[in-house]
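Undergrad: Sharing a structure here in structure tokens format.
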Amino acid sequence: MNGSTFYVMIAFIAALVLWRRTRSMYRPIRGNGIRLLIPLLFMLPGLSLIFSANVNEPAWEFGAAFGIGLLFSIPLIWTTNYEMREDKLIYSKKNWGFVAAFIGIVLIRFALRQELSDMDPQGQTALFLLAAFGYIIPWRVFSFIKFRRVVNQSHLAQN
């Protein structure tokens, strides 16, 4: 895959995430919130790339990549909240700070990819995937916790 194809693919994925996220501000979240955790299942095949025998990066680089991912998760966690509206359904709170944070993360990832362009492609892919795990896993888990907190508060308010 050449460089421009990769960037187009990443831009498409980022646009899809933003579209789904902004759409969820206007549509209720149904069920008990388990759907918020489903993207974590889609990440499981990526583990095979991280633990590939062809990846020979030192352990500290994996720790740094995961740590960077954890730092990226902080603005996503801060800007993701839920609310119960007048129709007694739960929605994502409207927060355009999330859009700005997400676009910022994508731009930083592009810049880092350019900076690390002399690195082995499989090692680079593994590190960027681990960084993605570092921000998607905590963000989704905390989103689920925040959603469940709103559900529980709504049940307490009804009783």
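If you're matching positions, the sequence shown starts at 5 in the working numbering and goes up one per residue.
Beta carbons are placed, not taken as given, at the ideal position from N, Cα and C, and that holds for glycine.
If you're wondering where the values come from, they're calculated on a predicted model, not measured in any experiment.
#1: Under 8 Å by Cβ, that's how I've got A136 and G73 pegged, so tell me the actual separation to the nearest angstrom.
#2: When DSSP builds the beta bridges, which residues end up paired with I94?
#3: Of all the options V59, L111, R153 and R39, which has the alpha carbon lying nearest to the alpha carbon of M123?
#4: Nearest-angstrom Cα distance between Y11 and W64?
#5: Going by alpha carbons, who is nearest to A68 out of N156, F132, N85 and M29?
#6: Please state the DSSP three-state secondary structure of I33.
#7: In whole angstroms, what is the alpha-carbon distance linking L134 and F146?
#8: Using a Cβ distance threshold of 8 Å, determine whether the region 77-84 contacts the region 44-55, with at least three qualifying pairs required.
#9: What does the Cβ neighbour count give for I140, buried or exposed, with the cut at 16 atoms within 10 Å?
#10: List the endpoints of the continuous alpha helix (DSSP H) containing M47.
#11: Exposed or buried, which one is R89 when buried takes at least 16 other CB atoms within 10 Å?
#12: Count the other C-beta atoms from every protein chain shown that fall within 10 angstroms of the C-beta of G101, then say buried if there are 16 or more, exposed otherwise.
#13: Considering G50, what are the terminal residues of the alpha helix (DSSP H) in which it resides?
#14: How about V110 and G37: do their beta carbons lie closer than 8 Å?
TA: Taking the coordinates as given:
#1: Here residue 136 is taken as the residue at index 132 of the sequence shown, counted from 1. Here residue 73 is taken as the residue at index 69 of the sequence shown, counted from 1. About 6 Å separates the two Cβ atoms, so the contact holds.
#2: Here the question's residue 94 lines up with position 90 in the sequence shown. I94 is bridged to M88.
#3: Walking along the sequence shown from the start, residue 123 turns up at place 119. M123 has its Cα closest to that of V59, out of V59, L111, R153 and R39.
#4: Position 7 of the sequence shown, counted from the first residue, corresponds to residue 11. Position 60 of the sequence shown, counted from the first residue, corresponds to residue 64. CA-to-CA, the gap between Y11 and W64 works out to about 27 Å.
#5: Your numbering for residue 68 matches position 64 in the sequence shown. Comparing alpha carbon positions, the residue from N156, F132, N85 and M29 closest to A68 is F132.
#6: Taking the first residue of the sequence shown as position 1, residue 33 is located at position 29. Coil at I33, not helix or strand.
#7: Taking the first residue of the sequence shown as position 1, residue 134 is located at position 130. Taking the first residue of the sequence shown as position 1, residue 146 is located at position 142. Cα to Cα, L134 sits roughly 18 Å from F146.
#8: Not touching, per the Cβ criterion.
#9: The sequence position of residue 140 within the sequence shown is 136, counting from 1. I140 sits buried, since 16 or more C-beta atoms from the chains shown fall within 10 Å of its C-beta.
#10: Along the sequence shown, one-based indexing puts residue 47 at 43. Annotation for M47: the continuous alpha helix (DSSP H) segment containing it runs I42 to M47.
#11: On the sequence shown, residue 89 is found 85 positions in, with the first residue counted as 1. Exposed.
#12: As a working mapping, residue 101 is identified with position 97 in the sequence shown. In summary, G101 is exposed, with fewer than 16 beta-carbon neighbours lying within 10 Å of its beta-carbon over all protein chains present.
#13: Translated into positions along the sequence shown, residue 50 becomes position 46. It is not in any alpha helix (DSSP H) - G50 carries neither H nor E in the DSSP assignment.
#14: Here the question's residue 110 lines up with position 106 in the sequence shown. Here the question's residue 37 lines up with position 33 in the sequence shown. Going by C-beta atoms, V110 is not nearer than 8 Å to G37.
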